[in-house]
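Okay, so here's the structure we're looking at.
2 protein chains.
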Amino acid sequence: MLNPDQLLQKLHSEFEKHTYGVNPAELYEPISYIMSLHGKRFRPLLTLLAASIYSDNVESAIQPAMAVEVFHNFTLMHDDIMDRAPLRRGQPTVHEKWNANTAILSGDVMLIRAYDLLLDVPKEQLRSVLVRFNQTAAEVCEGQQLDMNFETRWNVSEEEYLEMIRLKTSVLLGFALELGGIIGGADEESVKLLYSAGENMGIGFQLKDDLLDVYGDPLKFGKQVGGDIISNKKTFLLIEALSKAAGSHKEELDKWISAGQFDPEEKVNAVKAIYEVLDIRKFTEEKISTYFERGLADLRSLNVEEARKASLLQFVQQLVEREK
Amino acid sequence: MLNPDQLLQKLHSEFEKHTYGVNPAELYEPISYIMSLHGKRFRPLLTLLAASIYSDNVESAIQPAMAVEVFHNFTLMHDDIMDRAPLRRGQPTVHEKWNANTAILSGDVMLIRAYDLLLDVPKEQLRSVLVRFNQTAAEVCEGQQLDMNFETRWNVSEEEYLEMIRLKTSVLLGFALELGGIIGGADEESVKLLYSAGENMGIGFQLKDDLLDVYGDPLKFGKQVGGDIISNKKTFLLIEALSKAAGSHKEELDKWISAGQFDPEEKVNAVKAIYEVLDIRKFTEEKISTYFERGLADLRSLNVEEARKASLLQFVQQLVEREK
Numbered sequence: 010m011l012n013p014d015q016l017l018q019k020l021h022s023e024f025e026k027h028t029y030g031v032n033p034a035e036l037y038e039p040i041s042y043i044m045s046l047h048g049k050r051f052r053p054l055l056t057l058l059a060a061s062i063y064s065d066n067v068e069s070a071i072q073p074a075m076a077v078e079v080f081h082n083f084t085l086m087h088d089d090i091m092d093r094a095p096l097r098r099g100q101p102t103v104h105e106k107w108n109a110n111t112a113i114l115s116g117d118v119m120l121i122r123a124y125d126l127l128l129d130v131p132k133e134q135l136r137s138v139l140v141r142f143n144q145t146a147a148e149v150c151e152g153q154q155l156d157m158n159f160e161t162r163w164n165v166s167e168e169e170y171l172e173m174i175r176l177k178t179s180v181l182l183g184f185a186l187e188l189g190g191i192i193g194g195a196d197e198e199s200v201k202l203l204y205s206a207g208e209n210m211g212i213g214f215q216l217k218d219d220l221l222d223v224y225g226d227p228l229k230f231g232k233q234v235g236g237d238i239i240s241n242k243k244t245f246l247l248i249e250a251l252s253k254a255a256g257s258h259k260e261e262l263d264k265w266i267s268a269g270q271f272d273p274e275e276k277v278n279a280v281k282a283i284y285e286v287l288d289i290r291k292f293t294e295e296k297i298s299t300y301f302e303r304g305l306a307d308l309r310s311l312n313v314e315e316a317r318k319a320s321l322l323q324f325v326q327q328l329v330e331r332e333k
Numbered sequence: 010m011l012n013p014d015q016l017l018q019k020l021h022s023e024f025e026k027h028t029y030g031v032n033p034a035e036l037y038e039p040i041s042y043i044m045s046l047h048g049k050r051f052r053p054l055l056t057l058l059a060a061s062i063y064s065d066n067v068e069s070a071i072q073p074a075m076a077v078e079v080f081h082n083f084t085l086m087h088d089d090i091m092d093r094a095p096l097r098r099g100q101p102t103v104h105e106k107w108n109a110n111t112a113i114l115s116g117d118v119m120l121i122r123a124y125d126l127l128l129d130v131p132k133e134q135l136r137s138v139l140v141r142f143n144q145t146a147a148e149v150c151e152g153q154q155l156d157m158n159f160e161t162r163w164n165v166s167e168e169e170y171l172e173m174i175r176l177k178t179s180v181l182l183g184f185a186l187e188l189g190g191i192i193g194g195a196d197e198e199s200v201k202l203l204y205s206a207g208e209n210m211g212i213g214f215q216l217k218d219d220l221l222d223v224y225g226d227p228l229k230f231g232k233q234v235g236g237d238i239i240s241n242k243k244t245f246l247l248i249e250a251l252s253k254a255a256g257s258h259k260e261e262l263d264k265w266i267s268a269g270q271f272d273p274e275e276k277v278n279a280v281k282a283i284y285e286v287l288d289i290r291k292f293t294e295e296k297i298s299t300y301f302e303r304g305l306a307d308l309r310s311l312n313v314e315e316a317r318k319a320s321l322l323q324f325v326q327q328l329v330e331r332e333k
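In order, the protein sequence lines correspond to chains A and B. Each residue of the first sequence is one higher than the last, beginning at 10 in the working numbering. Each residue of the second sequence is one higher than the last, beginning at 10 in the working numbering.
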């Protein structure tokens, strides 16, 4: 049984070898480009770790795991156009380096290539895997649409926000684990637990993203701490603050949100001070713990020997403790 | 056995009943919108006609046939963004009626929904159908990329142009027929002939589009005759004229192409006069006939009773003779 580092190594070398197409170069080069900026690749790793609970041979899970990562990068390529994002993983986004048309069309081909990679699941499981993948993929798009809708709304509830991040982020983590379970040969109940684990961890993961953007260690975080506050991004923290603030705190918060010109550091400190009064940090940390705990509980209740899930649990623990 | 009109009726009523999703409305309404502008829907009809050669029960081909149409409309939604097209079938395009972000994301979901509909093929054929669909879908994107590349090139060869329209248009017609054959239960050789028939008919079909834009009957054509000439669109006719013109004709053609301001009618007449001298119309008509003949020959050589292919042949004959 390979450990997480070895599985990740395997994934990296498979991605190195993989080609998405050659001609026309204008269509395929942006795919190689975005895939070469590889992030943590923890989605396909989750698939392999879940498969390895049930099988010592994870070979048959590799291409399907890669499908999850290619799909994820397809959503990044298209989301970056919609969000007009200039950078992705510190490098120019595809629509910046080339143009929006290129990012649209190359993204389309990536989605098709994700389906290609998925065809590698055992034949008897293909239909049910595709049913679940299609549902997940559509939900991710629904999450992105909700996220865009929220940009122009100031009355987003906590419940709506959690549902948005569940769709945009969590369902794919759920599917990544579920897929590994299916290919590894897990029973139906375990497959459901794996999905639920991913779904819960995903919500915790996204909330932690929101938290780190405000309270992360600047030396570790990698992005500008406070960036979300500066841009009025509707994070869990801001949504909570908007719903809890009253009186002078509400006025102060509204003032900073609607300020056209301001000193960024001053705004970050002022909004953080409001968060402090409203106990937003603690409330968010508790939410994160709740979701992570639910996810870990799902994994603990998987009915297999402890030793078989050690790798997955260990890796998930790292995600829980991450500081960047 | 249903005739083409009855099959088309069936398709229309299935599309009426079909839902692509509900929430968020911003994501799904544009899909209902573009699908409600239904064009001729001859792609899914080709699938049903091909299936009906081999089986009296075309029910199992209906959802997969719809997948072909949904995929086609997905490409239209995204191509219209890239081409900045204001109108589609006489109505505002999705990116005009909503915005580009909506057209990107709704289009993405349409592609996913096309895969959903494809899952309805008999289980034992699913993998091979998806392999072929993925290849076709990627080729259609390659064709669109080549088409965009050609916009900024003045030395596109006839061969390059034919390859572009083969990818952008023909392979999907080939797949539509192939898919029907597979579901109907055709043998491997017949499936290949069906694909080849669609591929050849598709090239003929696109060349006829180019021809009708210049020589169509204004009362029947539906679009402004001469529109391609006015916009310097690189059609088969212009590419041939560019490669054949010499001396004063070459100068005259270049003058009209580079003219910034001009009287549209004057330009159309002048370019048509050059086409006349270079015998472009006749050359194009012969090309069209060649491809249509190849396609019809493919269908004629299908090894089944004549009566079984009568409907498909009759319908294809209508496509050959169309004047709009």
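Note that CB positions come from ideal geometry on N, CA and C, so glycine has one too.
Asked: If we ignore side chains and look at the alpha-carbon of each, how far apart do A/ILE248 and A/SER137 end up?; Found: 38 Å
Asked: Could you give the DSSP three-state label for A/PRO131: helix, strand or coil?; Found: coil
Asked: Reducing DSSP to helix, strand and coil, say where A/PRO342 ends up.; Found: Because chain A is modelled from 10 through 333, residue 342 of chain A falls outside the range shown and cannot be assessed.
Asked: Might you give, ordered along the chain, the residues of its own chain that have their beta carbon closer than 8 Å to the beta carbon of A/ALA112, omitting 5 neighbours on each side?; Found: PRO39, MET86, HIS87, ASP89, ILE90, THR102, VAL103, HIS104
Asked: Report the option in A/LEU96, A/LEU262, A/MET75 whose CA atom is closest to the CA atom of A/ASN278.; Found: A/LEU262
Asked: Restricting to Cα atoms, I'd like to know which of A/ASP125, A/PRO33, A/LEU220 is closest to A/ILE238.; Found: A/LEU220
Asked: Determine the chain A residues that contact B/LEU228 at a beta-carbon separation under 7 Å, and present them in chain order.; Found: By Cβ distance, chain A contributes nothing, its closest Cβ being about 36 Å from B/LEU228, past 7 Å.
Asked: Taking only beta-carbon positions, decide if A/ILE113 is within less than 7 Å of chain B.; Found: yes
Asked: Would you check if there are 3 or more beta carbon pairs closer than 8 Å linking the region 54-72 of chain B to the region 154-174 of chain A?; Found: no
Asked: When you check each C-beta in the region 15-47 of chain B against every C-beta of chain A, which residues fall closer than 8 Å?; Found: GLY30, ASN32, PRO33, GLU35, LEU36
Asked: Residues of chain A with CB closer than 8 Å to the CB of B/LYS132, please, in chain order.; Found: ARG136
Asked: Given this structure, state the Cα-to-Cα distance separating A/LEU182 from A/LEU322, to the nearest angstrom.; Found: 15 Å
Asked: May I have the straight-line CA-CA distance separating B/GLY194 from A/MET44, to the nearest angstrom?; Found: 40 Å
Asked: What does DSSP give as the partner residues of A/LEU96 in its beta bridges?; Found: A/PRO101
Asked: Within 7 Å (strictly less), CB to CB, does B/GLN154 reach chain A?; Found: yes
Asked: Could you list which residues in chain B have their beta carbon closer than 8 Å to that of A/ASN82, in chain order?; Found: None at all; the shortest Cβ gap to chain B is about 13 Å.
Asked: How about the region 205-214 of chain B and the region 137-156 of chain B: do they share at least three Cβ pairs that are nearer than 8 Å?; Found: no
Asked: Cβ atoms of A/ILE289 and A/ALA250: under 7 Å apart, would you say?; Found: yes
Asked: Which same chain residues end up closer than 7 Å to A/VAL31 when comparing Cβ atoms and leaving out the 5 residues on each side of it in sequence?; Found: TYR37
Asked: Relative to the C-alpha of B/SER166, which residue among B/PHE245, B/LEU135, B/ARG98 is closest?; Found: B/PHE245
Asked: So, are the CB atoms of B/GLN72 and B/ASP129 less than 7 Å apart?; Found: yes
Asked: To the nearest angstrom, report how far apart A/SER298 and A/GLU151 are at their CA atoms.; Found: 26 Å
Asked: Got a sec? Which residues, its chain only, sit under 8 Å from B/PRO95 by beta carbon, not counting five neighbours each side?; Found: PRO101, THR102, GLU105
Asked: Under 8 Å Cβ-Cβ, which residues of chain A neighbour B/MET91?; Found: ASN110, ILE113, LEU114
Asked: Hey, how far is the Cα of B/TRP265 from the Cα of B/ALA70?; Found: 49 Å
Asked: Listing by chain order, which chain B residues have their CB less than 7 Å from the CB of A/MET157?; Found: ASN110
Asked: Pull up the CB-CB distance for B/PHE83 and B/LEU120, whole angstroms please, since I reckon it's below 8 Å.; Found: 5 Å
Asked: Which residues, in order along the region 260-283 of chain A, keep a beta-carbon less than 7 Å from a beta-carbon of chain B?; Found: none
Asked: Cβ of B/LYS243 within 7 Å of Cβ of B/PHE301?; Found: no
Asked: Please state whether DSSP places A/GLN233 in a helix, a strand or coil.; Found: coil
Asked: Going along chain A, which residues have a C-beta under 8 Å from B/TYR124?; Found: TYR124, LEU139, ASN143
Asked: In the DSSP assignment, find the unbroken alpha helix (DSSP H) run with A/PRO73 in it and report its ends.; Found: 68-91
Asked: Which residues in the same chain as A/ARG122 place their Cβ atom closer than 7 Å to its Cβ, once the five residues preceding and following it in sequence are excluded?; Found: TYR29, VAL79
Asked: Assuming A/LEU287 and A/ALA254 form a contact by the criterion Cβ under 8 Å, report the distance between their Cβ atoms to the nearest whole angstrom.; Found: 6 Å
Asked: Is B/GLU315 helix, strand or coil when you go by DSSP?; Found: helix
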